[in-house]
Structure formats: structure tokens, C-alpha cells
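K.L.:
In terms of the working numbering, the sequence shown opens at residue 1150 and continues consecutively. Just passing along the structure, written as C-alpha cells.
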Amino acid sequence: MVHALGDQALEGWSGQLRQGSIQGDTQDAVFGDLRLACQAIQHDQRGNDGCKDKRDAEKAQKSIHRTSPVNGCAKRHATWEARTLTSPPRLALAAVRSSSLTRSRARPCQMAAGRVCCGRMNKTYQRPAKPPLQVQTTTLWDYPSQHYGRTVQGDAAYIGATPSYVIWNLLQRYTRPGDVVLDPMCGSGTTLDVCRDLGRQGHGFDIAPARDDVQAADARRLPLADDSVDFVFIDPPYGDHIDYSEAAGCIGKLSSIESAYFAAMHQVFAQAYRALRPRRYIGVYVCDFFAKKRGFAPLGASLFAELAEHFAPVDHICVVRHNKSLHKQAWHQAASRDNFFLRGFNHLLIAKKLG
């Protein structure tokens, strides 16, 4: 009965929309009531389903206050919700945008639309299944998750963590079971976890180890014998915009705009060359750097030039980024307004030690 009445009311509301009459105060009030109705009904339905935690009620009440028309959030949230819903809520939203109804006349429509919204919002969210891993065959790599399989490689909360499928692909192509793999900037240990999955011997070093199986060492002074590893993977800092550690001598404290950064990376590549066996490969995963007040640093091109002073270039891969910040509309608006580009891909530089 509620849905039938709601549909009739919404049809009448759409007629008001077509008339093109808009009242700003009424518009804000309608958006606020629609949002409150959605949350109140949703909470009520959860309670009827046997939710016993009183904290849920407190959270719902706080959420209602946060999304009141006073701070302008109600309109924004209602707009987002309606984009994903079918005709009745969308019709309600369209009517809200151009409503000439008074608050008392709008109320039945708000409640009906709220029930429709809540019926859809209460569906259990299921994360899309990760596609199976496969060896990439082009120079454009893309995988929708930071991790593969049902487990996590490395630490998901680690800032600047490497996508594990990148390392997986490199090891599949350039190593064999039992090979020794070196990561001199191991971070949260993603490389070590992938090595275990594939039966490789991982040796991880970091100036500030994040876990017990990562050894403490500066990538410019590795405690390894010459020609002792079969593959090297490096995911270096991209500059000083991320606080990687408080360790003295951390390369992450050097600006990628300055020559000191490239001098340090030259030493890192020299150590990798020394430790790598002849006719074996190295992969370097890096992102360009841009800041409005500091400019653009083409790290992919610059580091490949540094790498080529020691190794023979093999190929240059573009890896699609799935950083959460790329889903923030405000960032895209700023990029368009201020005429700059967000980083949409990382560089994967592949080279070989000759001899």
C-alpha cells in the first residue's frame, strides 16, 4: 500500500517538476527530509531484523545530525544515492530538485521514496571477485586489486605498498622455482610473500624494517656477495611527499626534484648490479611526481636513464593505478580547474645485466 501511494505521489511530483517551479528553501528541506527518512526507516528495519546492539541506534542518530540540511550534506548524499537506484527514487530526486511543493505536501512522497531507497540500501554488499592471475602479454598491465587470491601480500595499510600482481608477473617471467630474489627496499614485505607463494627464495632489506623477516640495511650498502641473486625488484620512494620512516639516510626524505635523489638511486642501482648474476633481470616500479608548487618530475624517464648506465634496457611497462584518491571527485575537479593531470599509471622498468 505504501509503495502504491508513493508511486502515485511521485507521479504527481514529476508533474510539478515539468512545470519548472523551483523554491530554494523548500528544495533544501525536501532533501533533508528524504535523507532522514531513508536513514530512519533503514535503522528501523535493521532493528526488526534482530539487531541488538544499541550502539547502532546511536550511530544512526549521529549520522542523521551529520547529514542535516544545515551543513549541506543531505543534498549531496541524496544525489549520490539516487544515481544508483531505479525509477521511483530517481523520480523523487528529480522532483526534489525542482519542487514547488510545500513541506507538508512533500512529506508523503519523501517517506515513500525513503522506503524504496532503504529496501535497496539494505542489500548485502559483495565485493567483486578478483579475476584469476595470468601472465601479462602487453605493455599495459591492469589488475583491479592491490592483492591477489584470498590472502594479503604485504601490509594493506602500508603507504606506498607495491601491487602484488606486478611482482607475481615479474617472477613468473624472469625466475624459476628456487631462484634467489632480492628486494633492497622491501617495505611491508610484499615481495617476500609473493616469493613464498611461487617457491622462490626472497631476501628483503629495508632501512626501517616493518617486520621480522625484513633485514635492516641501506640499499646503497647491501650485505650481499657479488653475483649472488637471480632477480632484483625495487620499488623506490618517489620523493619526499610521503613520510616513509624516521631513519637517518632514508632516500624517501630526498626531493625527487633535486639531484641528491638521483645520486642516491645511482648508488642503489650500482649495488643491485653488483649482487645480480650475469644475464639476469631487474625490475623497477616507480611513479612520476607532480606538485603544483614544485612542478613535475618525470621519474620514469629519469630513472630509466640511470638504470641504463648499469643495465641493458629490456622494456617499459605502464601499470594502471587503482589508488583510492583517483575516485575522489574533488581531485578531478581540481585537476580540470588548475590544468594538471592526476597520476593514472606507474612505470615498470625492466633491464638485464649483460656479461
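C-beta atoms are modelled at their ideal positions from N, C-alpha and C, and glycine is treated no differently.
Name the DSSP bridge partner or partners of residue 1464?
P.N.:
If you number the sequence shown from 1, residue 1464 lands on position 315. According to DSSP, which records beta bridges pairwise, residue 1464 is partnered with 1499.
K.L.:
Nearest-angstrom Cα distance between residue 1315 and residue 1398?
P.N.:
Numbered from 1 along the sequence shown, position 166 holds the residue referred to as residue 1315. Numbered from 1 along the sequence shown, position 249 holds the residue referred to as residue 1398. Approximately 28 Å between the Cα atoms of the pair.
K.L.:
If we count the other Cβ atoms within 10 Å of its Cβ and call it buried at 16 or more, is residue 1313 buried or exposed?
P.N.:
The sequence position of residue 1313 within the sequence shown is 164, counting from 1. The residue in question, residue 1313, is buried, as its Cβ has 16 or more Cβ neighbours within 10 Å.
K.L.:
Let me know if residue 1285 comes out buried or exposed under the rule of 16 or more other beta-carbons within 10 Å of its beta-carbon.
P.N.:
Locating residue 1285 in the sequence shown gives position 136, counting from the first residue. Classification for residue 1285: buried.
K.L.:
So, are the CB atoms of residue 1319 and residue 1497 less than 9 Å apart?
P.N.:
Here the question's residue 1319 lines up with position 170 in the sequence shown. Here the question's residue 1497 lines up with position 348 in the sequence shown. Contact: yes.
K.L.:
Take residue 1451 and list the residues in its own chain whose beta-carbon comes closer than 7 Å to its own, dropping the five residues that flank it on each side.
P.N.:
Counted from its first residue, the sequence shown places residue 1451 at position 302. Hits under 7 Å: 1411.
K.L.:
Where do the ends of the beta strand (DSSP E) carrying residue 1434 lie?
P.N.:
Mapped onto the sequence shown, residue 1434 falls at position 285. Counting along the chain, the beta strand (DSSP E) containing residue 1434 begins and ends at 1425-1435.
K.L.:
Rounded C-beta distance between residue 1340 and residue 1330? I'm assuming under 8 Å.
P.N.:
As a working mapping, residue 1340 is identified with position 191 in the sequence shown. As a working mapping, residue 1330 is identified with position 181 in the sequence shown. Between residue 1330 and residue 1340 the Cβ distance is about 7 Å, and since that is below 8 Å, they are a contact.
K.L.:
In three-state terms, what does DSSP make of residue 1309?
P.N.:
Working through the sequence shown from its first residue, we reach residue 1309 at position 160. Three-state DSSP puts residue 1309 in coil, outside helix and strand.
K.L.:
Mind checking who residue 1351 pairs with in its DSSP beta bridge?
P.N.:
Stepping through the sequence shown from its first residue, residue 1351 is reached at position 202. DSSP output for residue 1351 lists 1330 as bridge partner(s).
K.L.:
Taking the alpha-carbon of residue 1430 as reference, which of 1499, 1281, 1353 and 1439 has the nearest alpha-carbon?
P.N.:
Taking the first residue of the sequence shown as position 1, residue 1430 is located at position 281. Per the Cα distances, 1499.
K.L.:
Tell me, please, whether the region 1378-1387 touches the region 1355-1366 by the rule of three or more beta-carbon pairs shorter than 8 Å.
P.N.:
The region 1378-1387 vs the region 1355-1366: no contact.
K.L.:
Can you grab the Cα-Cα spacing for the pair residue 1281 / residue 1343, in whole Å?
P.N.:
Residue numbering aside, residue 1281 sits at position 132 when the sequence shown is read from its first letter. Residue numbering aside, residue 1343 sits at position 194 when the sequence shown is read from its first letter. C-alpha separation (whole angstroms): 15 Å.
K.L.:
Assign residue 1361 to buried or exposed, taking buried as 16 or more other Cβ atoms, counted over all protein chains shown, within 10 Å of its Cβ.
P.N.:
Position 212 of the sequence shown holds residue 1361. Per the 10 Å Cβ criterion, exposed.
K.L.:
If you run the structure through DSSP and keep just helix, strand and coil, what is residue 1475?
P.N.:
Translated into the one-based positions of the sequence shown, residue 1475 becomes position 326. Helix at residue 1475.
K.L.:
Tell me the DSSP bridge mates of residue 1371?
P.N.:
Looking up residue 1371 in the sequence shown gives position 222. Partner(s): none; residue 1371 has no beta bridge.
K.L.:
According to DSSP, is residue 1289 part of a helix, a strand, or is it coil?
P.N.:
By one-based count along the sequence shown, residue 1289 stands at place 140. Correct three-state label for residue 1289: strand.
K.L.:
Considering only the beta carbon of each residue, do residue 1435 and residue 1495 sit closer than 9 Å?
P.N.:
Counting from 1 along the sequence shown, the entry for residue 1435 is found at position 286. Counting from 1 along the sequence shown, the entry for residue 1495 is found at position 346. The answer is yes: Cβ separation under 9 Å.
K.L.:
Please identify the residue among 1482, 1335 and 1501 whose C-alpha is closest to the C-alpha of residue 1364.
P.N.:
The residue you call residue 1364 lines up with position 215 of the sequence shown. Nearest of 1482, 1335 and 1501 to residue 1364, Cα basis: 1335.
K.L.:
Tell me, please, whether the region 1417-1424 touches the region 1458-1468 by the rule of three or more beta-carbon pairs shorter than 8 Å.
P.N.:
Segments in contact, yes.
K.L.:
Taking only three categories from DSSP, how would you classify residue 1382?
P.N.:
Numbered from its first residue, the sequence shown carries residue 1382 at position 233. Residue 1382: strand per DSSP, three-state reduction.
K.L.:
Are residue 1406 and residue 1353 close, meaning C-beta to C-beta below 9 Å?
P.N.:
Working through the sequence shown from its first residue, we reach residue 1406 at position 257. Working through the sequence shown from its first residue, we reach residue 1353 at position 204. No. Outside cutoff.
K.L.:
Please classify residue 1364: does DSSP put it in a helix, a strand, or coil?
P.N.:
By 1-based counting over the sequence shown, the position of residue 1364 is 215. Here residue 1364 sits in strand by DSSP.
K.L.:
What is the C-beta distance between residue 1368 and residue 1333, in whole angstroms, given that I count them as a contact (C-beta under 8 Å)?
P.N.:
As a first step, residue 1368 is located in the sequence shown; it is residue number 219 there, counting from the start. As a first step, residue 1333 is located in the sequence shown; it is residue number 184 there, counting from the start. Going by Cβ atoms, the distance from residue 1368 to residue 1333 rounds to 4 Å, so yes, they are a contact pair.
K.L.:
Is DSSP giving residue 1343 helix, strand or coil here?
P.N.:
Counting from 1 along the sequence shown, the entry for residue 1343 is found at position 194. Here residue 1343 sits in helix by DSSP.
K.L.:
Identify which residue in 1467, 1441 and 1442 has its Cα closest to the Cα of residue 1449.
P.N.:
Here the question's residue 1449 lines up with position 300 in the sequence shown. Comparing Cα-Cα distances from residue 1449 to each of 1467, 1441 and 1442, the minimum goes to 1467.
K.L.:
Give the secondary structure of residue 1494 by DSSP, where H, G and I count as helix, E and B as strand, and everything else as coil.
P.N.:
Translated into the one-based positions of the sequence shown, residue 1494 becomes position 345. It is a strand residue.
K.L.:
Output needed for residue 1504: all residues of its chain with C-beta closer than 6 Å, excluding positions within five of it in sequence on either side, in chain order.
P.N.:
Against the sequence shown, residue 1504 aligns to sequence position 355. Counting only Cβ-Cβ distances below 6 Å, and skipping sequence neighbours, we find 1427.
K.L.:
Determine whether the beta carbon atoms of residue 1351 and residue 1304 lie at a separation below 9 Å.
P.N.:
For the purposes of this step, residue 1351 is taken as residue 202 along the sequence shown, with counting starting at 1. For the purposes of this step, residue 1304 is taken as residue 155 along the sequence shown, with counting starting at 1. No, Cβ-Cβ distance for residue 1351 and residue 1304 is not below 9 Å.
K.L.:
For residue 1486 and residue 1440, what's the separation of their Cα atoms in angstroms?
P.N.:
Along the sequence shown, one-based indexing puts residue 1486 at 337. Along the sequence shown, one-based indexing puts residue 1440 at 291. Taking the straight line from one Cα to the other gives about 15 Å.
K.L.:
Going by DSSP, which residues form a beta bridge with residue 1301?
P.N.:
Along the sequence shown, read from residue 1 onward, the residue named residue 1301 stands at position 152. Answer is none; residue 1301 lacks a bridge partner.
K.L.:
Based on the DSSP output, what are the partners of residue 1119 in its beta bridges?
P.N.:
Absent from the model: residue 1119. The displayed extent of the chain is 1150 to 1504, so no value can be given.
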